[in-house]
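In UniProt numbering, the protein residues as written are 1 to 267.
As structure tokens, this is what we get:
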């Protein structure tokens, strides 16, 4: 990756009040993650799923460490309610392209009822056939949704971790972020234009570039991190998760937190 900073956490700097806690990740989750290495699951849609950190590229190690230690409140100030919420999952898929490490994103169709037109990770609500929401269901759902939205061949994805559940108040989704390595890349494109406008990858170097970073200002007054990706803007839940991954993986570069981008009435 171009201009990649040294591994390890960057020096602590001032973060906006909307950002979650910056305390050190707990060691408790690390042991849980290490215990899960090599875990195997049989999917109800006929495919075996393995959750493993073995054989990952070296540059993903900071993400593995962060996933094993980070606490929910360090990722977002919006945490799931004790009851209620619609269980869902997203696939945070890392690949390696011509410009180095990259992430798979999609643009949601502008006609959807929730988060229309936004750039996001592949994902969606859990279906009954995905299984237990408290167990393996979110992993199955993330892979299934990625297949349905992008045409991805899930057999080429190595799931290596799961982040704590987060909450999207505007839609009521309780979201489990599933981390994957695109071990065997496959062609991707919108499967249904009624759901997905486009599918693309974005280099991590582009996301860490200070010139592409800003704070998005929603008409409601909420401020949150945003990323310029070509002519488009990643904001909201997806941008918040990317921001925290870059930070805790030690990939974040200093950027101007006073630079603001108005969202002009977007939902």
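Glycine included, every Cβ here is placed at the ideal spot set by N, Cα and C. Remember, it's a predicted structure, so these values are computed and weren't measured experimentally.
Please state if the CB of residue 125 and the CB of residue 86 are separated by a distance shorter than 8 Å.
Yes. Within cutoff.
Which residues bound the alpha helix (DSSP H) around residue 326?
The displayed coordinates of the chain run from 1 to 267. Any statement about residue 326 would go beyond what the structure contains.
Close beta carbons around residue 130, own chain, < 6 Å, minus the five adjacent residues each side
Excluding sequence neighbours, residue 130 sits near 137, 140 and 141.
When burial is assigned at 16 or more other CB atoms within 10 Å of the CB, is residue 111 buried or exposed?
Here residue 111 is exposed. Its C-beta has fewer than 16 other C-beta atoms within 10 Å.
Under 6 Å Cβ to Cβ from residue 261, same chain only, skipping five residues before and after it: list those, please.
These residues qualify, in order along the chain: 214, 216 and 226.
Between the C-alpha atoms of residue 75 and residue 241, what's the straight-line distance to the nearest angstrom?
Rounded to the nearest angstrom, the two C-alpha atoms are 7 Å apart.
Span of the beta strand (DSSP E) holding residue 173?
If you look at residue 173, you'll find it in the beta strand (DSSP E) that goes 173-182.
Please classify residue 252 as buried or exposed, where buried requires at least 16 other C-beta atoms within 10 Å of its C-beta.
Residue environment for residue 252: buried (at least 16 other C-beta atoms within 10 angstroms of its C-beta).
What is the rounded straight-line gap between the Cα of residue 187 and the Cα of residue 89?
Approximately 22 Å, taken between the alpha carbons.
If you follow the beta strand (DSSP E) that residue 100 is in, where does it begin and where does it stop?
DSSP places residue 100 in the uninterrupted beta strand (DSSP E) bounded by 100-108.
Length of the line joining the Cα atoms of residue 170 and residue 204:
Annotation: residue 170 to residue 204 spans about 28 Å, alpha carbon to alpha carbon.
If residue 175 and residue 237 are in contact, beta carbons under 8 Å, what's the gap, nearest whole angstrom?
Rounded to the nearest angstrom, the Cβ distance from residue 175 to residue 237 is 7 Å, consistent with a contact under 8 Å.
Neighbourhood of residue 158 by C-beta distance below 6 Å, restricted to the same chain and skipping five residues each side:
Correct list, in chain order: 181 and 183.
Exposed or buried, what is residue 239 when buried is set at 16 or more other beta-carbons lying within 10 Å of its beta-carbon?
By the C-beta density criterion, residue 239 is buried, having at least 16 other C-beta atoms within 10 angstroms.
On the DSSP bridge list, what partners appear for residue 225?
Assignment of beta-bridge partners to residue 225 by DSSP yields 215.
Given a cut-off of 8 Å, decide if residue 208 and residue 246 are closer than it, judged by their beta-carbon atoms.
Yes, the pair counts as a contact, with Cβ atoms nearer than the cut-off.
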